[in-house]
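These notes concern the structure reproduced below.
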Amino acid sequence: MAAIPVKIFIDGGEVEETKLVSETLVKRFGKPLDGQTTNPSLIAKNLAGRKTGKISEDAALEEYKRIVQQMSKIIPKGSISIQVFANRQTTSGEMIKQARERVKWIPNASIKLPCTSQGLRAAGTLSNEMPINITLVFSQEQAAAVYEVSKKARYPIFISPFVGRLDDRGERGMDVIKNIVRMFEKGDGHVEVLTASVRNLEHILYAIYLKSDIITIPYKIFRLWADQNFPNPAETYIYKTENLQEIPYREDVLLGRNWQEYNLSHDLTDMGVDRFYSDWMEVAGRGV
Ligand code: E4P
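In the working numbering, the protein residues as written are 48 to 335.
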């Protein structure tokens, strides 16, 4: 069976899934999972599943730490993304403080920051201190800003475009991967493209075809892929989608400017920040 030509991460908040996926990969390919992505919604789902009701923010944070520590034991050489908690008012200083605490939880942490001006400002400082994953990316222009703000990074930098959330509203999310990969061809290769918000097998196949560096896959979709014996796309592969509107390549978005000159705003980024925050607050209550 052909090896998988890109890095595979699991997207989730359940330790058991990490274990099952990594064991499957070891059995089939002789190598474990390359990494794990988590986010506040996924961890909140795990905590809500325990039906303990709302717990204090400190207790919830301790649980987040315990979960990623268990994941880290399963894939000690993998990269594990831990997200900061931010709403639209959270400053870069607050994100930096959270990041410096969370990165100490495990030796293989990568800190996830939102693709907002405060998030990227924090990334500019932190990329000299720790691996960074910029999350909630929905446009080529946001990707150009991530590239520029992390240009002097001394640690790995991932960028996570969320393809499924664009598909959900009728836009062809995979075009953002295609466009970013194309734009980064002119760069120095310091940012790895991590295809996120994967909803189906075609997302995996096309991400491999486009040479996305990493794909993070939810357990259910990983199982579908495994059940079909981990198909790879043929050289003649054509991404088949119906009723999704093309997101064209922007020739006018060029690398090489100051990161603050790019337009970072995207409504799905704002909505994503809100959703992560409210999902977390559902389980981790103030005053509990
Ligand atoms: C990635 O890091 C995110 O956790 C994830 O892929 C989000 O996916 P969703 O759009 O299914 O929530």
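Just so you know, even glycine gets a beta-carbon here, dropped at the ideal spot from N, CA and C.
Source: prediction; values computed, not measured.
Range covered by the alpha helix (DSSP H) that runs through residue i
| i | result |
| --- | --- |
| residue 93 | 87-96 |
| residue 255 | 248-256 |
| residue 75 | 62-76 |
Those residues which DSSP pairs with residue i across a bridge
| i | result |
| --- | --- |
| residue 208 | 184 |
| residue 218 | 292 |
| residue 54 | 261 |
| residue 102 | 331 |
| residue 275 | Residue 275 is not bridged to any residue. |
Whole-Å CB distance - residue i paired with residue j, under 8 Å assumed
| i | j | result |
| --- | --- | --- |
| residue 264 | residue 58 | 6 Å |
| residue 87 | residue 122 | Not really, about 21 Å apart at Cβ, beyond 8 Å. |
| residue 127 | residue 156 | 6 Å |
| residue 68 | residue 266 | 7 Å |
| residue 305 | residue 188 | Residue 305 to residue 188, Cβ: 13 Å. No contact. |
| residue 65 | residue 273 | In fact, because the Cβ distance is near 14 Å, the residues do not count as touching under 8 Å. |
| residue 162 | residue 196 | Contact flag wrong, Cβ pair sits at about 10 Å. |
| residue 142 | residue 190 | Not a contact, Cβ separation roughly 19 Å. |
| residue 160 | residue 182 | 7 Å |
| residue 213 | residue 248 | So it is not a contact: roughly 18 Å between Cβ atoms. |
| residue 119 | residue 153 | 4 Å |
| residue 134 | residue 320 | 6 Å |
| residue 75 | residue 277 | 7 Å |
| residue 164 | residue 313 | Incorrect: roughly 12 Å between the Cβ atoms, too far for contact. |
| residue 55 | residue 227 | So it is not a contact: roughly 19 Å between Cβ atoms. |
| residue 193 | residue 117 | In fact, because the Cβ distance is near 30 Å, the residues do not count as touching under 8 Å. |
Opening and closing residue of the beta strand (DSSP E) in which residue i lies
| i | result |
| --- | --- |
| residue 319 | Note, residue 319: premise wrong, no beta strand (DSSP E); alpha helix (DSSP H) at 314-330. |
| residue 238 | 238-242 |
| residue 84 | 82-84 |
Residue i Cβ short of 7 Å to the ligand PLP heavy atom set
| i | result |
| --- | --- |
| residue 263 | In the structure on display, the ligand PLP does not appear, and the ligands it does have are the ligand E4P. |
Neighbour flag for residue i against chain B, beta carbons, 8 Å
| i | result |
| --- | --- |
| residue 307 | In the structure shown, chain B does not exist; there is a single protein chain. |
Point to revise | Any 3 or more C-beta pairs closer than 8 Å across the segment 253-266 and the segment 99-118 | key: No, because fewer than three Cβ pairs between the segment 253-266 and the segment 99-118 fall closer than 8 Å, the two stretches do not touch.
Review point. What are the start and end residues of each continuous alpha helix (DSSP H) run of 4 or more residues lying completely inside the segment 110-186, in chain order?
Key: Qualifying alpha helix (DSSP H) stretches, in chain order: 139-149, 164-173.
Review point. Three or more beta-carbon pairs under 8 Å between the segment 162-181 and the segment 198-205, yes or no?
Key: A contact exists between the segment 162-181 and the segment 198-205.
Check your understanding: Is it a yes or a no for the segment 216-235 touching the segment 277-292, going by three-plus beta-carbon pairs under 8 Å?
Key -> By the criterion of at least three beta-carbon pairs nearer than 8 Å, the segment 216-235 is in contact with the segment 277-292.
Check your understanding: Is the segment 126-142 touching the segment 111-118 in the sense that three or more CB pairs, one from each, lie closer than 8 Å?
Key -> The segment 111-118 makes contact with the segment 126-142; the number of CB pairs closer than 8 Å reaches 3 or more.
Review point. Given 8 Å as the limit, is there contact between the segment 226-243 and the segment 207-215, that is, 3 or more CB pairs closer than that?
Key: Segments in contact, yes.
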